[in-house]
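For the sequence shown, counting from 1, position 190 maps to 731 in the numbering used here; every step adds exactly one. Beta carbons: idealized from backbone N, C-alpha and C, even for Gly. All values derive from a computational prediction rather than experimental measurement.
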Amino acid sequence: MPARRFFTAAVLLLSSQASWAIEPPWGKAQNLGERRLLEKTAVCTDGKGHYVSLSPTEDGHQLFYGDGRTFVQVPLSRLGAYFLEPRFFNKNANPNFQGMDMRVYSQVVVEKEKGLCEVRCGERTQPFTFVESDKAGELLRAASFNANPQKFVPYALLRDSKGVYYLVERGFLPDEENRFRVSIGLKGSLKPQQMVNLVTDSEGQIFSTKKGDLRLLVDQKKPSIWIEGKKRVELRVVPVSENLPLIYNELGPYTGARLGTPCDDQ
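See the structure below:
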């Protein structure tokens, strides 16, 4: 489908690497296998009411973050306990490691044999301490586990010659990928528009709002266009994957939003 060309590496990673079941990997800890998995799960706290839970799985690891009573699932990358966190930029990280820009990824480090547990958000590292095994098991069995709270992720970003940005987002969960939101405005004050219709075909996509139509074209030789009545404004495509910190920190739609990561409270 031609419209898939608009996907960014970050959005693809979120969609393909996360497991969206809200039941924890140890289930109800009723059989031997589940109990062993629960025992292998590391639980750490910063001593301020914030907890991380990291479990081994067949595909790698599963990470949860919460207050000890309620946890949310944190989507992890294919490289381990790294999670997308564009709000915290690490300028010293590799911008292209196996096709991933590690500058916008943060990390939970758990090394039980060294007694090391910490959360790195961008360039800042916060030490955590392990919760004793028995207490950790009790805490996890009593806690509830929810899906990640994010509703949308960036899909396309454009701007006109006057600095007005047009941000297109799509649903965060895989079964909501066809749900879109369009926000328009100057940096720091983008406002969501009321969606009216969506058209997708071989020529691109048209996002119709009450205010006007945003036309994204597959043909890269032609500019994308904002149409408002008789007014037509040519737009320049701004690569999403190269501008995630701008989108999350400066444009406005994500200001104050919780991304359900261990960096929410750092």
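Give the C-beta separation of E679 and P695 to the nearest angstrom, bearing in mind that I take them to be a contact with Cβ-Cβ under 8 Å.
The Cβ separation is near 40 Å, so there is no contact.
What does the Cβ neighbour count give for V613, buried or exposed, with the cut at 16 atoms within 10 Å?
Answer is buried; the Cβ neighbour count reaches 16.
Would V737 be called buried (16 or more neighbouring beta carbons within 10 Å of its own) or exposed?
With a threshold of 16 other beta carbon atoms within 10 Å, V737 falls short and is exposed.
Does the region 663-675 come close enough to the region 583-592 that 3 or more CB-CB pairs lie under 8 Å?
Cβ pair count under 8 Å is three or more, so yes.
Pairwise C-alpha distance: K751 and R812:
Nothing about residue 812 can be read from this structure; the chain reaches only from 542 to 807.
Pair within 8 Å by beta-carbon distance, N689 and P616:
Cβ distance < 8 Å, so N689 and P616 count as in contact.
Consult DSSP for V645 and reduce its assignment to one of helix, strand or coil.
DSSP places V645 in the helix class (H, G or I) of the three-state scheme.
Inter-residue Cα distance where the pair is V778 and P786:
Cα-Cα distance, rounded: 16 Å.
Sequence-distant residues of its chain with Cβ nearer than 7 Å to G568 (five each side left out):
Closer than 7 Å at the Cβ level, and outside the excluded window around G568, lie E575.
Assuming T611 contacts A684 (C-beta within less than 8 Å), just tell me the rounded distance between them.
About 7 Å separates the CB atoms of T611 and A684; that is less than 8 Å, so the two are in contact.
By how many angstroms is the C-alpha of Y795 removed from the C-alpha of N789?
Note that residue 789 corresponds to Tyr in the displayed sequence, not to Asn. Approximately 5 Å, taken between the alpha carbons.
So the candidates are V651, N631 and P627; which of them puts its Cα closest to the Cα of L604?
Proximity to L604 across V651, N631 and P627 peaks at V651, based on C-alpha coordinates.
Helix, strand or coil for N790, going by three-state DSSP, please let me know.
In the three-state reduction of the DSSP assignment, N790 falls in the helix class.
Under 8 Å between the Cβ atoms of E664 and N631?
Yes. Within cutoff.
Just to confirm the assignment, what range does the alpha helix (DSSP H) spanning G574 have?
Residues L573 to K581.
Kindly list the residues whose CB is nearer than 6 Å to the CB of C662, restricted to its own chain and excluding five residues on each side of it in sequence; keep chain order.
Its chain contains F629, S647, C804 and Q807 as the residues whose beta carbon lies nearer than 6 Å to that of C662, once the 5 sequence neighbours on both sides are disregarded; these appear in chain order.
Relative to the C-alpha of K732, which candidate in R756, I747 and L792 has its C-alpha closest?
Per the Cα distances, L792.
Could you work out which residue in E769, T741, Q735 and L776 is closest to K762 when comparing CA atoms only?
For the residues E769, T741, Q735 and L776, the minimum Cα distance to K762 belongs to L776.
What does the Cβ neighbour count give for D608, buried or exposed, with the cut at 16 atoms within 10 Å?
That one is exposed.
Cβ-Cβ distance between L708 and S724 below 8 Å:
Yes.
Cβ separation of L681 and L579, assumed to be a contact under 8 Å, to the nearest whole Å
Yes, L681 and L579 are in contact; Cβ-Cβ is about 6 Å, under 8 Å.
Report the three-state DSSP secondary structure of R711 (helix, strand or coil).
Strand.
Which of helix, strand or coil DSSP assigns to A559
Summary for A559: the model assigns pLDDT 41, below 50, so the residue's position carries little reliability, and this model does not support an answer.
S618 and M641: beta carbons closer than 8 Å?
Contact check for S618 against M641 passes: the beta carbons are separated by less than 8 Å.
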